[in-house]
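Here our numbering is used: the first residue of the sequence shown is -5, the next is one more, and so on. This report concerns only the one structure given below.
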Amino acid sequence: MLQNSAEQLRDSDWFQSAKQKHDEIVSKIKEKYKNSFSSQEYHKIEKANWQFGKECIDNLFQKKNPNSEVAKQLVSAFDNIKHGVKTSQKDVKEAATLMAQVIENLPHKPKHPVFTVEEIVGRSFYNIKDNEIHLGTREPNYDPNFEIFPTAFHEMAHWLEETPEIKSKIVALYDKITEGLPLPISKKNVSPGAYVELYRKSKMKLPLEYCTRDYVEEKRRDLISKGKLTQEEINAEIEKFRKTRPTELLSVFFEQLLKNPASMLDEYQDYFEAIMEVLR
Ligand SMILES: [Zn+2]
């Protein structure tokens, strides 16, 4: 179970031919649309990427049981979406089945209740406290066919992260790769007057700076930037948000595996291996 290393998978005949097939599909799409780059073309390429990503996930997480209790529960969580208006049910259910497949292969299964789902205006997120996935699908220009598959997969990984055996290893990994590195202070102000989002520096090469997102209270930001808080006080500050906000390490791993598996096996091998180790 979960034996493959990045190198083994990348160098396997299966991967090489699947990648070649995927690259051919993408260049055919580009060829067809070469004179008019459109969102349609972009969308088709993204879908081809996800198809390749799903094949890689199938290869890494081989035990499959779409009729398992977990699969049924995850899928039905999307049947009762609050304020559901634009979700592509087919895509979220496919993402739920894929996440259930991942879980089938894990030695430690989630023991906490299955999440609820609400569609919202704004950015998607998972909240630990209310165990709810908030899907940002209610923007006026939101295209339900476009992002929902990887987003639903990403948010479900946040819920999965709350499995105690996974959570403790993820937090340990987060602490290890950020330890001793200076804290960037000014970043996005997501909730004015409440807290600011920061992206920590990392000792491990990561596909997105978003992987090491953290929060501090807005009113503490100035104190931190003026050097008025000790490292312990800063850590305590960050710790407060750990109770309500998950890390991004596991979710970005699954999202990137879906969107660009080749880069995960090549450029971000250490990250790949570290997360596979968390899951074992
Ligand atoms: Zn996230």
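The C-beta atom is built at its ideal place from N, Cα and C for all residues, glycine as well.
- Message: Cutting at 8 Å between CB atoms, please list the residues of its own chain near residue 175, excluding the five before and the five after it.
- Response: By one-based count along the sequence shown, residue 175 stands at place 181. 194, 195, 196 and 197, listed in sequence order.
- Do you know how far the Cα of residue 143 is from the Cα of residue 91? Against the sequence shown, residue 91 aligns to sequence position 97. Against the sequence shown, residue 143 aligns to sequence position 149. Distance between the alpha carbons of residue 91 and residue 143: 11 Å.
- Query: Can you tell me whether DSSP reads residue 16 as helix, strand or coil?
  - Reply: By one-based count along the sequence shown, residue 16 stands at place 22. Helix, per DSSP.
- Message: Does the contact criterion of 3 or more C-beta pairs under 8 Å hold for the segment 98 to 117 versus the segment 0 to 13?
- Response: no
- Give the straight-line distance between the Cα atoms of residue -4 and residue 274, rounded to the nearest whole angstrom. To locate residue -4, count along the sequence shown from 1; it is residue 2. To locate residue 274, count along the sequence shown from 1; it is residue 280. Taking the straight line from one Cα to the other gives about 7 Å.
- Message: Counting C-beta neighbours from all protein chains within 10 Å, is the total for residue 137 16 or more, i.e. buried, or is it exposed?
- Response: As a working mapping, residue 137 is identified with position 143 in the sequence shown. The residue in question, residue 137, is exposed, as its Cβ has fewer than 16 Cβ neighbours within 10 Å.
- DSSP three-state call for residue 164: helix, strand or coil? As a working mapping, residue 164 is identified with position 170 in the sequence shown. The answer is helix: DSSP assigns residue 164 an H, G or I state.
- Query: In terms of DSSP beta bridges, what is residue 7 paired with?
  - Reply: In the sequence shown, the residue the question calls residue 7 occupies position 13. For residue 7, which the question treats as bridged, DSSP gives no partner whatsoever.
- beta-carbon residue 128 near ligand 1 non-hydrogen atom, thresh 7 Å: Numbered from 1 along the sequence shown, position 134 holds the residue referred to as residue 128. Residue 128 Cβ: outside cutoff for every heavy atom of ligand 1.
- Item | Span separating the alpha-carbon of residue 106 from that of residue 23 | On the sequence shown, residue 106 is found 112 positions in, with the first residue counted as 1. On the sequence shown, residue 23 is found 29 positions in, with the first residue counted as 1. So the two alpha carbons sit approximately 43 Å from each other.
- Task: Thinking residue 81 and residue 118 are a contact (beta carbons under 8 Å), I'd like their distance in whole angstroms, please.
- Result: For this step, residue 81 is matched to residue 87 along the sequence shown. For this step, residue 118 is matched to residue 124 along the sequence shown. Contact flag wrong, Cβ pair sits at about 11 Å.
- If you count every other CB in all the chains shown that lies within 10 Å of the CB of residue 255, and 16 or more means buried, which is it? Mapped onto the sequence shown, residue 255 falls at position 261. So residue 255 counts as buried.
- Item | Nearest neighbour of residue 205, chosen from 171, 233, 230 and 214 [CA to CA] | The sequence position of residue 205 within the sequence shown is 211, counting from 1. The option with the nearest alpha carbon to residue 205 is 171.
- Query: CB-CB under 8 Å to residue 13, same chain, minus the five flanking residues each way: which ones, in chain order?
  - Reply: Taking the sequence shown and counting its residues from 1, one reaches residue 13 at position 19. Once the five neighbours on either side are set aside, the close Cβ partners of residue 13 are 46 and 256.
- Task: Please state whether DSSP places residue 264 in a helix, a strand or coil.
- Result: Here the question's residue 264 lines up with position 270 in the sequence shown. Reduced to three states, the DSSP call for residue 264 is helix.
- Query: Where do the N-terminal and C-terminal ends of the alpha helix (DSSP H) with residue 236 fall, by residue?
  - Reply: Position 242 of the sequence shown holds residue 236. For residue 236, the enclosing alpha helix (DSSP H) stretches over residues 225 to 236.
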